[in-house]
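Q:
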Amino acid sequence: MRQRGKSLGFYHYAGGGNATAEADYFVNTIRPYLGSAVLVLDWESYQNSAWGDSNWIRVFVNRVHARTGVWPLVYTSAAYLWQIPSDVRARCGLWVAQYANNTTTGYQTRPWNYGRYGEAMRQYTSNGRISGYAGPLDLNYFRGDATQWNKYANPNGHTTAPAPTPAPKPNTPAPQPSRPNADNGVSVVVRSGDTISGIAARTGLWPVTAWSVPSGNINRIWPGQTVTYRGSGTPSANTGTGTRIHVVKRGETLSGIFGASGWQRVAQLNNLANPNLIYPGQQLRY
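See the structure below:
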């Protein structure tokens, strides 16, 4: 990447365990790249047992800074910026995810709500398309140039050891059919163009939040990976649209249940005037 003149960054997806231990693991893992890559804490709800605990964020970023001299960016949805403490926001750049809609889009230099929160970077879609990749991608815009990016990566101008030579890229295994796992889950090998909501529709296994993926983020899967269903559903031979019911639980959202690429179909199927308003106990056909 750097040999091609590309800027580099690494993010740690918060698991919600011991914040100091997670920060240490992150620093130890990316140590060869310190000073040349931007560091990021990815703060999301999925598989994050500390979700809602603002102090967890504080402990993590303070630990990273204590060990590296670098304040990491903090990534989260605009709806949850309130979880980031004011002292963290004063020291760390923000990477804000906020989408105007779910329409397929390409690269944008002035996305919707650009700079509204004083963010360093804005993620403006999870349904982006760029040349060279066949499926949906998260697209982002950094509000600065290479010099400013490098300042986030190396605020004190310290030199670092060169990065090790990357290992050869492994061959992507051919997709395999769904198969039962040892713990009675159902495992599926991701195909090109797959999304978790697409896999859920294909197998009849919902909600999407019951799927476990290697990255920890159901919106980030790649061909060849194995994803596993951990819910109570069973594979259905009849996966026709509208034949199944999901009862909404407290705290659920339409996109959280059916995924970024599945919620619109369900909203239309259930004649939802406002997809942002669903209620506990409500029955949704899918």
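Residue numbers in the sequence shown follow our numbering, run continuously in steps of one, and reach 286 at the last position.
Cβ atoms here follow ideal geometry from the backbone N, Cα and C, with glycine treated the same way.
Bear in mind the structure is a predicted one, so any value in this text is a computation, not a measurement.
For the candidate residues Y117, Y25 and T20, whose alpha-carbon lies nearest to that of F10?
A: Nearest of Y117, Y25 and T20 to F10, Cα basis: Y25.
Q: What is the DSSP secondary structure of G9, reduced to helix, strand or coil?
A: G9 falls in the strand class under three-state DSSP.
Q: Below 6 Å CB to CB, which residues in the same chain sit around S255 once its five sequence neighbours on both sides are set aside?
A: Correct list, in chain order: W263.
Q: Tell me, please, whether the segment 126 to 140 touches the segment 93 to 107 by the rule of three or more beta-carbon pairs shorter than 8 Å.
A: Judged by Cβ distances under 8 Å, the segment 126 to 140 makes contact with the segment 93 to 107, as three or more pairs qualify.
Q: Please give me, in chain order, every unbroken run of the beta strand (DSSP E) with length at least 3 that falls completely inside the segment 15 to 82.
A: 37 to 42 and 73 to 77, all fully within the segment 15 to 82.
Q: L73 to H12, Cα distance in whole Å?
A: The straight-line gap from Cα to Cα measures roughly 10 Å.
Q: For the beta strand (DSSP E) holding A273, just list the boundary residues, first then last.
A: Counting along the chain, A273 falls outside any beta strand (DSSP E), and DSSP gives it neither H nor E.
Q: Quickly, what does DSSP pair T105 with across the bridge? List them, please.
A: Looking at the DSSP assignment, T105 forms a beta bridge with G128.
Q: By alpha-carbon positions, which one of S126, G216 and F60 ends up nearest to Y99?
A: It is S126.
Q: Does DSSP put D87 in a helix, in a strand, or in coil?
A: D87 falls in the helix class under three-state DSSP.
Q: Under 8 Å, do Y75 and V40 count as touching if we go by C-beta distance?
A: It is a contact, given that the beta carbons lie within the stated cut-off.
Q: Taking only the alpha-carbon atoms, compute the straight-line gap between A267 and S36 and give it to the nearest angstrom.
A: Roughly 44 Å between the two C-alpha positions.
Q: Report yes if the C-beta distance between W71 and V61 is below 8 Å; otherwise report no.
A: Yes. Within cutoff.
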